[in-house]
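Residue numbers for the sequence shown follow my numbering, beginning at 214 and rising by one.
Ideal placement from N, C-alpha and C gives every residue a C-beta, glycine not left out.
Taking it in order: structure first as structure tokens, then the write-up.
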Amino acid sequence: MITYTIKHVAKVLKQLKDVGIEGIIIGSTCLSIALGNIDIEGDIDLFTTSISPFFDEERIRQIAYQKGWSTGTTELGTPSIILNVEGIDITVELYENILDFYIPSESIDICRQSIEVDGTEITYVAVECWIVFKARRGSDRDILSLSTIKQFVDEGVLPINKTLLEKMIELYEDDKRYIYNRLKNLNLI
């Protein structure tokens with residue numbers, strides 16, 4: 214798997230911002246940032262705030278083409294963009310609320326975290342919010358990720374704000390019972 218650094222993330226986000234694509238990181242990159250990892254693996258999941266991956270897909274693909282970036286498609290059918298930064302291809306998957314993929318706007322507000330790297334603000338959700346996103350989706354891969362989180366918590370490597378976790382669960386009114394049960398079964402709550 215390709216690895217890169219937080220400086221690469223900053224460069225990717227700067228390039229996207231320069232063409233009008235902004236958002237908040239919602240994927241495993243949040244965990245890497247929270248853990249202070251030097252190396253980051255995988256793609257960057259970006260919940261867009263300036264453009265609609267669904268309605269503006271053609272525009273996004275045209276921007277990518279003009280910049281010489283490759284494009285692809287996420288598992289939800291939204292576009293992804295592959296940018297080359299210092300010889301490393303980094304995939305950014307663009308998301309918004311569509312179909313079963315739903316992130317309450319209030320959660321973005323209460324979960325927003327940011328750091329500045331080389332003059333670029335990197336905005337991402339708190340790990341607690343990422344945990345709730347994973348518990349809500351509940352795939353085998355998500356449960357495995359949550360088990361890894363539990364291990365980090367048990368080792369004292371990753372503190373969890375249980376109040377924030379519970380606030381997040383409450384935002385998913387229809388799903389809160391099974392989110393809570395999943396996290397309880399993993400001893401994360």
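At least three beta-carbon pairs within less than 8 Å, the region 264-279 to the region 323-336: Output reads no: the region 323-336 does not touch the region 264-279.
Option in N297, L401, S360 and P372 with minimal Cα separation from Y217: The shortest C-alpha separation from Y217 is found at N297.
C-alpha gap between R349 and E383, whole angstroms: 12 Å
Nearest-angstrom Cα separation, counted from L357 out to I238: The straight-line gap separating the alpha-carbon atoms of I238 and L357 is approximately 20 Å.
9 Å Cβ cutoff met for F267 and T284: no
Endpoints, the alpha helix (DSSP H) within which V345 is located: First-last of the alpha helix (DSSP H) with V345: V340 to R350.
Per DSSP, the bridge partner or partners of S293: G285 and E306
Cβ-Cβ distance between I362 and I246 below 9 Å: no
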